[in-house]
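Quick notes on the structure that follows.
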Amino acid sequence: MKYCPFCSTELIERHHVQVCPRNEIGECRFDGYEQYEQRVLAELSSDNLDVNSNVYSRIPER
Numbered sequence: 003m004k005y006c007p008f009c010s011t012e013l014i015e016r017h018h019v020q021v022c023p024r025n026e027i028g029e030c031r032f033d034g035y036e037q038y039e040q041r042v043l044a045e046l047s048s049d050n051l052d053v054n055s056n057v058y059s060r061i062p063e064r
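The opening position of the sequence shown corresponds to residue 3 in the working numbering, with each subsequent residue numbered one higher.
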């Protein structure tokens, strides 16, 4: 069970994302969807860096 880092309310799951129910009514500023989006983008960018570094390491030097 997770709790909101701002208001300590128990988070609920919506579309596989932990959100604060008080955010919808304007009583809390924690936006679980924004946090989720940032995490996904960070994972995608790190995956792209890993793929690119592997491609570059496979190119033989002339």
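Every residue gets a Cβ at the ideal spot worked out from N, C-alpha and C, and that includes glycine.
What does DSSP give as the partner residues of residue i in its beta bridges?
i	result
I14	V21
Y5	E12
By Cβ distance, which residues of its chain are closer than 8 angstroms to residue i, with the 5 residues on each side in sequence left out?
i	result
F8	C22, C30, R31, F32
So, are the CB atoms of residue i and residue j less than 8 angstroms apart?
i	j	result
M3	E15	no
V19	Y5	no
Among residues of its own chain, excluding the 5 on either side of residue i, which ones have a beta-carbon nearer than 6 angstroms to its beta-carbon?
i	result
G34	V19, Q20, V21
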